[in-house]
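S.K.: A single structure is presented below for examination.
There are 2 protein chains.
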Amino acid sequence: MTYCVGLLLDAGMVLLSDTRTNAGLDNIATYRKMFLFEEPGERVIAICTAGSLSVTQTVIARLEEANADPENPESILRAPTMLQVATLIGKLLSDVSAEVSAKMDRMKQGASASLLVAGQRKGGDMRLFLVYPEGNFIEATADTPYLQIGEHKYGKPILDRVIQPDTSLEDAKKAVLLSMDSTLRSNLSVGMPLDMAVIEADTMRVGETHRIEATDEGFARMSQDWSNALRDAFQQIKPV
Amino acid sequence: MTYCVGLLLDAGMVLLSDTRTNAGLDNIATYRKMFLFEEPGERVIAICTAGSLSVTQTVIARLEEANADPENPESILRAPTMLQVATLIGKLLSDVSAEVSAKMDRMKQGASASLLVAGQRKGGDMRLFLVYPEGNFIEATADTPYLQIGEHKYGKPILDRVIQPDTSLEDAKKAVLLSMDSTLRSNLSVGMPLDMAVIEADTMRVGETHRIEATDEGFARMSQDWSNALRDAFQQIKPV
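Listed in order, the protein sequences are those of chains B and F. Heads up: the first sequence begins at 1 in full-length UniProt numbering, then just goes up one per residue. Heads up: the second sequence begins at 1 in full-length UniProt numbering, then just goes up one per residue.
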């Protein structure tokens, strides 16, 4: 399993992903699920992945190969708009998933994945997409300024309560970390370390990245403070 | 969908269920999902239901028919222990589900349900079971003093944080209502009104029942207070 969340705010975009992968419960590993592509000041694209690792690794590897080839018209770094970036990535995801699933067909299994794609190109707006396994996609809006992939349920209530388009980037970072904290507590197949990226509006660059290790004292303190705050809040609620 | 939760505490048992049923998104109705059976002072049994309404209604109707027939050895009111109550109900659930599924087989569909069964018999302990669609069951313990059926994810974090075996019944009622509140906000197929029952330890009777309507002012106030408390708590958390 996986949990990735992306926020599209007036001030910028914040992305957070875990790193746990598992093939069954007895085969657990750590893989990065957040990939950043940028030409600082010109364009920035961040991708978070959930689903079959054989699909997501192949998708990312092909994107990198296309970016490295100056003749390749399918490079996401040369796509003229974020809509075309999402369309290229959606087609690639669908193709790779079909190829891998064809190999798995005789085992009566398939392989699929979903992606978050966030980015901005000079002269364009910041945009955040959720690309479905079939390659179609939806986009975050002011009404729903966040998108999630993977184990989304445990971490949704805090986002619903605190995230608005005008939320500050500092509050946004807190919110995604607390959303992840609720998920980590409830689903063992979501695990540390975490990768966080912050893209400020109109900078067309990744301004901040953090890898938050399991031993991170700041995250442990925030997690404990949130537990204590919830228990205190619970005690203050008057019974019906 | 459905959300039902049961707590097994030193002081007693608290059960809460929603009432929304749906056949598709365009056919929504209200049905009670909590059923109480008692011989006050002798034995008390509470059942909460999730899943196919045709299965759960038939299960409850057959239980009532058996209870009404003094010759029927399968009456749960005459079963000598709560373990035997859970076993009888598990077998009945499995039988009814198999009968209904056989009818649905030619449509390539099946019908299943799961149940919470809570109760106490004079001279025995309070016990709380989750009966799976196949008829097998698990039981709440001091390590995990609550069980949920239906849409369990949104309402789990608050239970994990505040419920211990020595939690008071007042706090327990608050906790299940706030757990339901998180679920109602996130899943439209869980809906008001709610049914709550409280069974105090060693009373062998249902001490309290409440139907909480959508217009209930106390519940609306608690829901709003909890939203405000969470937002305040969020503001007080220091960033990483």
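Each residue gets a CB set at the ideal place from its N, CA and C atoms; glycine is no exception.
Among F:Gly150, F:Phe234, F:Tyr154, which residue has its Cα nearest to the Cα of residue 254 of chain F?
M.R.: No statement about residue 254 of chain F is possible, as the shown extent of chain F runs from 1 to 240 and does not include it.
S.K.: State yes or no: is the C-beta of Gly6 of chain B within less than 7 Å of the C-beta of Leu115 of chain B?
M.R.: Position 6 of the first sequence, counting from 1, holds the residue named residue 6 of chain B. Position 115 of the first sequence, counting from 1, holds the residue named residue 115 of chain B. No. Outside cutoff.
S.K.: With respect to the beta strand (DSSP E) encompassing Gln224 of chain B, which residues constitute its N-terminal and C-terminal limits?
M.R.: Sequence index remark: in the first sequence, residue 224 of chain B carries index 224 (1-based). Careful: Gln224 of chain B lies outside any beta strand (DSSP E), inside the alpha helix (DSSP H) at 217 to 236.
S.K.: CA-CA distance, residue 241 of chain B and Gly12 of chain B?
M.R.: No information on residue 241 of chain B is available, as it lies outside the stretch 1 to 240 that chain B covers here.
S.K.: Work out the CA separation of Gln224 of chain F and Asp125 of chain B for me, nearest whole Å.
M.R.: For this step, residue 125 of chain B is matched to residue 125 along the first sequence. For this step, residue 224 of chain F is matched to residue 224 along the second sequence. Roughly 35 Å between the two C-alpha positions.
S.K.: Closest to Asn169 of chain F by C-alpha separation, out of F:Ala61, F:Thr2, F:Met1, F:Leu15, would be which residue?
M.R.: By 1-based counting over the second sequence, the position of residue 169 of chain F is 169. Note on identity: in this sequence residue 169 of chain F is Leu, with Asn being the wrong assignment. The option with the nearest alpha carbon to Leu169 of chain F is F:Leu15.
S.K.: What's the call for Ile138 of chain F, buried or exposed, on a 16-neighbour Cβ count within 10 Å?
M.R.: Here residue 138 of chain F refers to the residue found at position 138 of the second sequence. Ile138 of chain F should be labelled exposed.
S.K.: Roughly how many angstroms separate the alpha carbons of Gln164 of chain B and Gln235 of chain F, rounded to a whole number?
M.R.: Position 164 of the first sequence, counted from the start, is the residue given in the question as residue 164 of chain B. Position 235 of the second sequence, counted from the start, is the residue given in the question as residue 235 of chain F. The straight-line gap from Cα to Cα measures roughly 14 Å.
S.K.: Looking only at DSSP bridge pairs, what is Pro111 of chain B linked to?
M.R.: Taking the first residue of the first sequence as position 1, residue 111 of chain B is located at position 111. Going by the sequence as given, residue 111 of chain B is Ala instead of Pro. Bridge partners of Ala111 of chain B: none, in fact.
S.K.: Using a beta-carbon distance cut-off of less than 7 Å, what residues from the region 29 to 57 of chain F approach chain B?
M.R.: Here the close residues number zero.
S.K.: So who's on the other strand from Gln148 of chain B, going by DSSP bridges?
M.R.: Taking the first sequence and counting its residues from 1, one reaches residue 148 of chain B at position 148. Its beta-bridge partners are B:Val5.
S.K.: Out of F:Met222, F:Val240, F:Lys238, F:Pro239, which has the shortest C-alpha to C-alpha gap to residue 290 of chain B?
M.R.: Residue 290 of chain B is absent from the model: chain B starts at 1 and stops at 240.
S.K.: Which runs of the beta strand (DSSP E), 3 residues or longer, sit entirely within the region 76 to 103 of chain F?
M.R.: Here no run is fully enclosed.
S.K.: Since Gly191 of chain F contacts Thr58 of chain F with CB under 8 Å, what's their CB separation in whole angstroms?
M.R.: Counting from 1 along the second sequence, the entry for residue 191 of chain F is found at position 191. Counting from 1 along the second sequence, the entry for residue 58 of chain F is found at position 58. About 23 Å separates the two Cβ atoms, so there is no contact after all.
S.K.: Under 8 Å: do the region 145 to 160 of chain B and the region 174 to 184 of chain B share three or more Cβ pairs, one atom per stretch?
M.R.: Yes, the region 145 to 160 of chain B is in contact with the region 174 to 184 of chain B.
S.K.: Just how far apart, CA to CA, sit Asp195 of chain F and Ser75 of chain B?
M.R.: Counting from 1 along the second sequence, the entry for residue 195 of chain F is found at position 195. Counting from 1 along the first sequence, the entry for residue 75 of chain B is found at position 75. Using only the alpha carbons, I get a separation of about 57 Å.
S.K.: How is Asp171 of chain B classed by DSSP in three states: helix, strand or coil?
M.R.: Start at 1 with the first residue of the first sequence, and residue 171 of chain B comes out as number 171. Note: Asp171 of chain B maps to helix in three-state DSSP.
S.K.: Residues in its own chain within less than 6 Å of Ser227 of chain B by CB, not counting five upstream and five downstream?
M.R.: Here residue 227 of chain B refers to the residue found at position 227 of the first sequence. If we look at Ser227 of chain B and ignore the five residues flanking it on each side, it has no Cβ neighbours.
S.K.: Using the beta-carbon count (16 or more within 10 Å), is Lys33 of chain B buried or exposed?
M.R.: Looking up residue 33 of chain B in the first sequence gives position 33. Lys33 of chain B comes out buried.
S.K.: Once you ignore the five residues that flank Ser186 of chain F on each side, which residues in its own chain have a CB closer than 6 Å to its CB?
M.R.: Translated into positions along the second sequence, residue 186 of chain F becomes position 186. So the qualifying residues of the chain are Tyr154.
S.K.: Can you tell me whether Asn27 of chain B is helix, strand or coil according to DSSP?
M.R.: Within the first sequence, numbered from 1, the residue matching residue 27 of chain B stands at position 27. Here Asn27 of chain B sits in coil by DSSP.
S.K.: Quick one, which residues of the region 122 to 151 of chain F are near chain B if we go by CB-CB under 7 Å, in chain order?
M.R.: Residues passing the 7 Å Cβ filter: none.
S.K.: Quick check on DSSP: helix, strand or coil for Arg121 of chain B?
M.R.: If you number the first sequence from 1, residue 121 of chain B lands on position 121. It is a strand residue.
S.K.: By DSSP's criteria, Glu38 of chain F is part of a beta bridge. Which residues make up the other side?
M.R.: By 1-based counting over the second sequence, the position of residue 38 of chain F is 38. Paired residues: F:Val44.
S.K.: Compare the C-alpha of Arg231 of chain F against each of B:Thr209, B:Val162, B:Val206, B:Asp171 and name the closest.
M.R.: Counting from one through the second sequence, the residue named residue 231 of chain F turns up at place 231. Cα-wise, what sits closest to Arg231 of chain F is B:Val162.
S.K.: Of all Cβ atoms in chain B, is any one closer than 7 Å to the Cβ of residue 243 of chain F?
M.R.: Look at the range of chain F in this structure, 1 to 240, and you will see that residue 243 of chain F is not part of it.
S.K.: What is the C-beta distance between Lys122 of chain B and Arg43 of chain B, in whole angstroms, given that I count them as a contact (C-beta under 8 Å)?
M.R.: Here the question's residue 122 of chain B lines up with position 122 in the first sequence. Here the question's residue 43 of chain B lines up with position 43 in the first sequence. Lys122 of chain B to Arg43 of chain B, Cβ: 6 Å. Contact.
S.K.: Have a look at F:Arg211, F:Leu188, F:Ala229, F:Glu217 and flag the residue whose alpha-carbon is nearest the alpha-carbon of Leu25 of chain F.
M.R.: Locating residue 25 of chain F in the second sequence gives position 25, where the first residue counts as 1. Checking every option, the nearest Cα to that of Leu25 of chain F belongs to F:Leu188.
S.K.: Going by DSSP, what residue range makes up the alpha helix (DSSP H) through Asp160 of chain F?
M.R.: Locating residue 160 of chain F in the second sequence gives position 160, counting from the first residue. That run of the alpha helix (DSSP H) goes 156 to 162.
S.K.: Have a look at Gly61 of chain B and Ser52 of chain B and give me their C-alpha separation to the nearest angstrom.
M.R.: Looking up residue 61 of chain B in the first sequence gives position 61. Looking up residue 52 of chain B in the first sequence gives position 52. A quick correction: the sequence has Ala, not Gly, at residue 61 of chain B. One C-alpha to the other measures close to 14 Å.
S.K.: With a CB to CB cut of under 6 Å and the five nearest residues on each side skipped, what residues in its chain are close to Asp181 of chain F?
M.R.: In the second sequence, counting from the first residue as 1, residue 181 of chain F sits at position 181. Correct list, in chain order: Ser223.
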